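Here is the structure we will look at.
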Amino acid sequence: MFKRICKITFITHGATVNSINGVVSDSIKYPKINDIGQEEIEKVCKHLASREVAYDSIYTSPYASCTQSAHIIAKMFKKKPIPIDLLGRNHGEWQGQLYPDLFEEQGVSILTKTPKNGETLKHFNKRVSKMIDKLIEENAGNRIIVVTTPEVIQSELARVLDL
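To convert, count from 1 in the sequence shown and add 317; that's the numbering used here.
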């Protein structure tokens, strides 16, 4: 039987100009969420409020889009977001390129390739797992929110589902 140690609600940051346009971006300071992203996070807040669940802590990846989104959510819960070193994958030379262009150039194999000066998928997944395991250990018995990037959430979901 599955025994829960900690309950985590993962939330991806609100939309940014890069996420809407499909730009590969590793930048921590840019971009912040845009008007669409603001609306998305407000809808997330409404959903969380409707669930009437109390959260012990709210954690955020260091990206501007994540911290901005986390602050909006944390305000609703009257909490201060806690920054964590949960970074997305280092995309090396793919930084600033468009995902559709990369797929057209390299095909679906791009999903498992390592970009020059970038991080391997295996290393990225291991790094994410290590950070999530640390959060679980530090929050035994708690309910937490983690605001991060889609790829971090995908990595953890793949691990939990043993994919």
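Idealized CB from N, CA, C, for every residue including glycine.
Owing to the predicted nature of the structure, the values given are computational and were not obtained by experimental measurement.
Pairing G354 with H388 gives a Cβ-Cβ distance that is not under 9 Å.
The DSSP-derived three-state label of V464 is strand. When DSSP states are grouped into helix, strand and coil, P348 belongs to the coil group.
When the five nearest sequence neighbours on each side are left out, the beta carbons in the same chain lying within less than 7 Å of the beta carbon of T429 are those of L438, in order along the chain.
Shown here, S342 sits in coil according to DSSP, grouped into three states, outside any helix or strand. Between I375 and I449, the C-beta spacing is not below 9 Å. Buried is the label assigned to A391, since at least 16 other Cβ atoms lie within 10 Å of its Cβ. For the 9 Å CB-CB criterion, C323 and L452 form a contact.
For the pair L478 and I470, the Cα-to-Cα distance works out to about 12 Å.
Bridge pairing for K451: absent [DSSP]. Residues Y372, S374, I375 of the same chain have their beta carbon placed closer than 8 Å to that of K396, with the five preceding and five following residues left out of the count. In the three-state DSSP reduction, S378 falls in the coil class, being neither helix nor strand.
Contact annotation, G413 with V361: C-beta distance approximately 28 Å; criterion of less than 8 Å not satisfied.
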